[in-house]
Amino acid sequence: MTIRLKHTAIAAIGASLCLGAGAASAQEFITVGTGGVTGVYYPAGGAICRLVNQNRDETGIRCSAESTGGSVFNVNTIREGELNFGVVQSDVQFNAVEGRNQFEESGPFEGLRFVFSLHPEPFTLVARPDAGINGFEDLKGKRVNIGNPGSGQRATMELVMDRYGWSIDDFALASELPSREQAQALCDNQIDAFVFTVGHPSGSIAEPVATCDAQLINVTGDTIDGIVEEFPYYFKATIPAGMYNNAEDVTTFGVGATFVSSTDTDDDAVYTLVKSVFEGFDDFKGLHPAFAVLSKETSATAGQSAPLHPGAERYYKETGLR
Ligand code: GLU
């Protein structure tokens, strides 16, 4: 063991000496904010960093993905300069650019930059089979996990509650558990339902379905139609029959997961990351089943509210994607 470690350390020193002498400069570290470990953002960040790190000898860039509280947390932490990149819901990206809702106090984030988009994320309502919940309206008076502050689902849930004219007092309990804890809370009968804006399939949904026969519930009706009509980044979404234990399609609305950065992250680092992901796009799609629907053309353009990062623009121009 000791010997192996020594060898590794020596190899690492050798590699950095080589890099020092070659085209690439000293190692540069880039960080990616994701979400809870049972969601899709976390494996997405891992997959992106894996592709970036495969080219490390050539580029000198080392990428690491971190589990975080989710979209709003990622935006705020990029803004503070503590993260270079983050996965962020398209509605949260829009709000950050405009300084709306959860960003009203901090104001518009002018340095936020779009890099690419990822998978669709249906707003997913999951309920205990004994809770008598057949639609979003049935959440009234129930014990509901509305998401931790900082998560994207909390941001979207607040909009839906607002449009229903509800406050947290309309629930018997409004818990704020992070996504990694909501499955167990549901199966332990501490809550009747939770909402999670997430790509499918996701471990966070598969777990309570397998453990306590949790049910996916449609989120439909005039209020939801109104939200989809009002904002360009919301769309009608379906979770296909058989994805979990659902015999039929589950109908709801959704957002897109997007990948963002800021003007504080240099163009070369963004260019290198985008190039690594797009040149390894088929590998990337194979790294999680939620990515199977992705195409380069859509990823280069969809879900953009913030200006395009110049490093990403350079790659898209070179390859004719934009
Ligand atoms: N959409 C969620 C958020 O913005 C995270 C989903 C996931 O972890 O995959 O916080």
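Residue numbers (this note's numbering): 8 to 329.
Every residue gets a Cβ at the ideal spot worked out from N, C-alpha and C, and that includes glycine.
What you are looking at is a predicted structure, and each value in this text was computed from that prediction instead of being measured.
Practice prompt. Below 6 Å CB to CB, which residues in the same chain sit around I85 once its five sequence neighbours on both sides are set aside?
Written response: G93 and S269
Worksheet item: Is V39 near ligand 1, in the sense that its beta carbon is under 8 Å from a heavy atom of that ligand?
Response: no
Worksheet item: In this structure, what does DSSP give as the bridge partners for Q96?
Response: A264
Discussion item. With distance defined between alpha-carbon atoms, name the residue in I153, K282 and F178 nearest to T204.
Written reply: I153
Discussion item. Applying the 10 Å Cβ sphere with the 16-neighbour rule, what's the burial state of F80?
Written reply: buried
Worksheet item: With 16 as the cutoff for other CB atoms within 10 Å, does P215 come out buried or exposed?
Response: buried
Worksheet item: What do you get for G318, buried or exposed, if any count of 16 or more other CB atoms within 10 angstroms of its CB means buried?
Response: buried
Worksheet item: Which partner residues of Q189 appear in the DSSP bridge assignment?
Response: Answer by DSSP bridge pairing: none, since Q189 is not bridged.
Fill in: Collapsed DSSP secondary structure at R120 in the structure displayed
strand
Fill in: Where A18 falls: helix, strand or coil (DSSP)
Residue confidence for A18 is low, a pLDDT of 36 falling below 50, so the modelled location carries little weight; the figure read from the coordinates is stated next. In this structure, A18 counts as helix in the three-state DSSP scheme.
Item to complete: Return helix, strand or coil for T131, following the three-state DSSP convention.
Response: strand
Practice prompt. Might you give, ordered along the chain, the residues of its own chain that have their beta carbon closer than 7 Å to the beta carbon of A213, omitting 5 neighbours on each side?
Written response: Y251
Discussion item. Helix, strand or coil, according to DSSP, for V44 in the structure here?
Written reply: coil
Discussion item. Any residue with its Cβ nearer than 5 Å to a heavy atom of ligand 1 should be included. What is that list in chain order?
Written reply: G42, G46, V47, Y48, G77, S78, Q96, S158, G159, T204 and V205
Item to complete: Closer than 7 Å by C-beta to E105: which residues in its own chain qualify, once you throw out the five before and the five after it? Chain order, please.
Response: P115
Item to complete: Name, in chain order, the residues that DSSP records as bridge partners for A244.
Response: T259
Fill in: Close beta carbons around A30, own chain, < 6 Å, minus the five adjacent residues each side
Its pLDDT being 44, under 50, A30 is placed unreliably in this model, and the coordinates cannot settle the point.
Discussion item. Classify E128: buried if its beta carbon has 16 or more other beta carbons within 10 angstroms, exposed otherwise.
Written reply: buried
Item to complete: In angstroms with no decimal places, state the Cα-to-Cα distance between D177 and D199.
Response: 14 Å
Worksheet entry | Which of helix, strand or coil DSSP assigns to I85 | helix
Worksheet item: Who pairs with C70 in a beta bridge, going by DSSP?
Response: I37
Worksheet item: Given 8 Å as the limit, is there contact between the stretch 298-314 and the stretch 69-80, that is, 3 or more CB pairs closer than that?
Response: no
Discussion item. Checking 9 Å against the spacing of the C-beta atoms, do T41 and G52 come in under that value?
Written reply: yes
Discussion item. Considering only their Cβ atoms, is the gap separating T272 from D256 smaller than 9 Å?
Written reply: no
Discussion item. Below 8 Å on the Cβ atoms is my contact criterion, and I expect Q100 with A313 to pass it. Report the Cβ-Cβ distance as a whole number of Å.
Written reply: 6 Å
Item to complete: Closer than 6 Å by C-beta to L180: which residues in its own chain qualify, once you throw out the five before and the five after it? Chain order, please.
Response: R150
Practice prompt. Assign I231 to one of three DSSP states: helix, strand, or coil.
Written response: helix
Worksheet item: How close, in whole Å, do the beta carbons of H126 and G206 come, if the pair is a contact with beta carbons under 8 Å?
Response: 4 Å
Practice prompt. Below 7 Å CB to CB, which residues in the same chain sit around D275 once its five sequence neighbours on both sides are set aside?
Written response: G318
Fill in: For A299 and E325, the rounded distance between their alpha carbons
25 Å
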